[in-house]
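Engineer: Letter by letter, the sequence shown follows residues 187 to 260 of my numbering. Using N, Cα and C, we set each Cβ at its ideal position, and we do this for glycine too. The following block contains the structure, expressed as structure tokens.
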Amino acid sequence: GEKGEAYLGTEIDLSLGYLINNSLSLQGGYSQAFFSDTFEFLQNSGELKKGQNWAYLMLIFRPTLKNKFIGILL
Numbered sequence: 187g188e189k190g191e192a193y194l195g196t197e198i199d200l201s202l203g204y205l206i207n208n209s210l211s212l213q214g215g216y217s218q219a220f221f222s223d224t225f226e227f228l229q230n231s232g233e234l235k236k237g238q239n240w241a242y243l244m245l246i247f248r249p250t251l252k253n254k255f256i257g258i259l260l
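Quick look at the structure:
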């Protein structure tokens, strides 16, 4: 078979968190991926876009946890 390079692409992520009160926190993030030609070859589904992005927003409810970890280490 055909052998490609090992590099598949790059992903950049940004995440933020905010403690609303003792039980609620909010977390959000954004990601951008940049794919290589090798990744496109491995997908074997025709021509792919060279990049992909996505975002999320999450409300976290923890009524009994003493440690109010919001999912992000600062």
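Taking buried to mean at least 16 other C-beta atoms within 10 Å of its own C-beta, is S201 buried or exposed?
Structural biologist: S201 is exposed by the Cβ-count criterion.
Engineer: Whole angstroms are fine: how far does the CA of T224 sit from the CA of L210?
Structural biologist: Roughly 43 Å between the two C-alpha positions.
Engineer: So L228 is in the alpha helix (DSSP H); what residue range does that whole segment cover?
Structural biologist: L228 -> alpha helix (DSSP H) spans D223 to Q229.
Engineer: Could you give the distance in angstroms between the alpha-carbon of N150 and the alpha-carbon of S217?
Structural biologist: Because the chain here runs from 187 to 260, residue 150 falls outside it and cannot be looked at.
Engineer: DSSP state of A192, grouped into three classes?
Structural biologist: Residue state, collapsed to three classes: coil.
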